[in-house]
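Q: Input: one structure, supplied below.
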Amino acid sequence: MKIISDYFKFEDYKNKAKEEFLPKLDEIVKKKNSSSLQKIAVLQKESKKLIIIFSISLFLTFIIVLSISLAEVAYITLIFAIIPGIIPKLKI
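In the numbering used here, the protein residues as written are 908 to 999.
Pasting the structure below:
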């Protein structure tokens with residue numbers, strides 16, 4: 908008989924936990940997930956900007972190397988000094 912009474916007490920405990928504890932836990936989890944989702948969205952936005960800037964700088968570097976190899980002119984090497992100074996000043 909003791910086992911049966913303990914079982915009913917456990918069922919009561921489970922029902923009480925479902926009514927009181929689980930809604931509070933769900934609310935806490937939703938708050939935590941919403942802030943992490945916002946952080947992930949910001950990181951994705953920043954990574955897109957960085958990918959665009961990287962691809963532009965890679966393209967410009969390719970053009971510079973190609974023009975130097977074809978023209979072999981000394982003033983084109985000044986571009987190597989100018990472009991690295993421009994890229995970090997871009998507002999991200």
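Glycine is no exception: its CB is placed at the ideal position from the N, C-alpha and C atoms. Just so we're clear, the structure is a prediction, and the values are computed from it rather than from any experiment.
Measure the C-alpha to C-alpha separation of residue 971 and residue 955 and round it to an integer number of angstroms.
A: Residue numbering aside, residue 971 sits at position 64 when the sequence shown is read from its first letter. Residue numbering aside, residue 955 sits at position 48 when the sequence shown is read from its first letter. Distance between the alpha carbons of residue 971 and residue 955 is about 24 Å.
Q: Have a look at residue 945 and residue 961 and give me their C-alpha separation to the nearest angstrom.
A: Along the sequence shown, read from residue 1 onward, the residue named residue 945 stands at position 38. Along the sequence shown, read from residue 1 onward, the residue named residue 961 stands at position 54. Residue 945 and residue 961: Cα-Cα distance of roughly 24 Å.
Q: Excluding the 5 residues flanking residue 941 on each side, which residues of the same chain have their C-beta closer than 7 Å to its C-beta?
A: Position 34 of the sequence shown holds residue 941. Result list for residue 941: empty, nothing under 7 Å.
Q: Pull up the distance between the alpha-carbon of residue 943 and that of residue 927, whole angstroms please.
A: The residue you call residue 943 lines up with position 36 of the sequence shown. The residue you call residue 927 lines up with position 20 of the sequence shown. If you draw a straight line from the Cα of residue 943 to the Cα of residue 927, it comes to about 25 Å.
Q: Rounding to the nearest angstrom, what Cα-Cα distance links residue 965 and residue 925 in this structure?
A: On the sequence shown, position 58 is the one that residue 965 refers to. On the sequence shown, position 18 is the one that residue 925 refers to. In a straight line, the C-alpha of residue 965 is about 57 Å away from that of residue 925.
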